[in-house]
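Residue numbers (my numbering): 166 to 348. Even for Gly, the Cβ is constructed at its ideal location relative to N, Cα and C. Worksheet: one structure, shown below.
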């Protein structure tokens, strides 16, 4: 069982440790955040919280039952009922369905708590796990894009009443066949 927790000031130390621990793992499929991100993490964290407070983004940590960070799932560039989805799962949780379950839950939150009507996402062609996570969560390919200079795909998910209704599958065990990384 995993939970999503909205980013808050007290998460800074654990989040920095998670990002440092998984830095090399993440760079296998997504661009590196760079040394400045880690050196100035306290300011980055404060800036993310300010964006969230302004309603421009919704940042979430993916936690296991013991409160350990397994990943992140974020909704950024919130405007006009839409947002871009990004997610990343740490190496120790990869391949256990964590990303699939986290994306499913953030889709529910996007519709029910944040009033969003659609989500977009992008991933590179060389990240089949991320494409699987998006497909399993009802995202459809809408076109080709360049993602940090690499060929990729853009996805869209229209949110609706099913996203705010009770869903027994949402509380089921994660699917061990799929996982992904992203923003």
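Alpha-carbon to alpha-carbon, residue j and residue i
i: residue 221; j: residue 238; result: 15 Å
i: residue 300; j: residue 257; result: 23 Å
i: residue 269; j: residue 205; result: 32 Å
i: residue 172; j: residue 277; result: 18 Å
i: residue 304; j: residue 275; result: 14 Å
i: residue 287; j: residue 255; result: 19 Å
i: residue 242; j: residue 181; result: 23 Å
i: residue 321; j: residue 179; result: 31 Å
Residue i burial status per 10 Å Cβ neighbour count (16 or more: buried)
i: residue 212; result: exposed
i: residue 328; result: buried
i: residue 273; result: buried
i: residue 244; result: exposed
i: residue 192; result: exposed
i: residue 196; result: exposed
i: residue 217; result: buried
Beta-ladder partner(s) of residue i, from DSSP
i: residue 321; result: 285, 305
i: residue 315; result: 312
Integer Cβ distance of residue i from residue j, believed to fall under 8 Å
i: residue 290; j: residue 308; result: About 13 Å separates the two Cβ atoms, so there is no contact after all.
i: residue 236; j: residue 209; result: About 18 Å; that fails the 8 Å criterion.
Within-8 Å CB hit, residue i to chain C
i: residue 229; result: No chain C is part of this structure, which consists of one protein chain only.
Residue ranges of each alpha helix (DSSP H) run of no fewer than 4 residues wholly in the region 220 to 298, ordered along the chain?
263 to 277
Which ranges does the beta strand (DSSP E) cover as unbroken runs of at least 3 residues, wholly within the region 166 to 205, from first to last along the chain?
168 to 171
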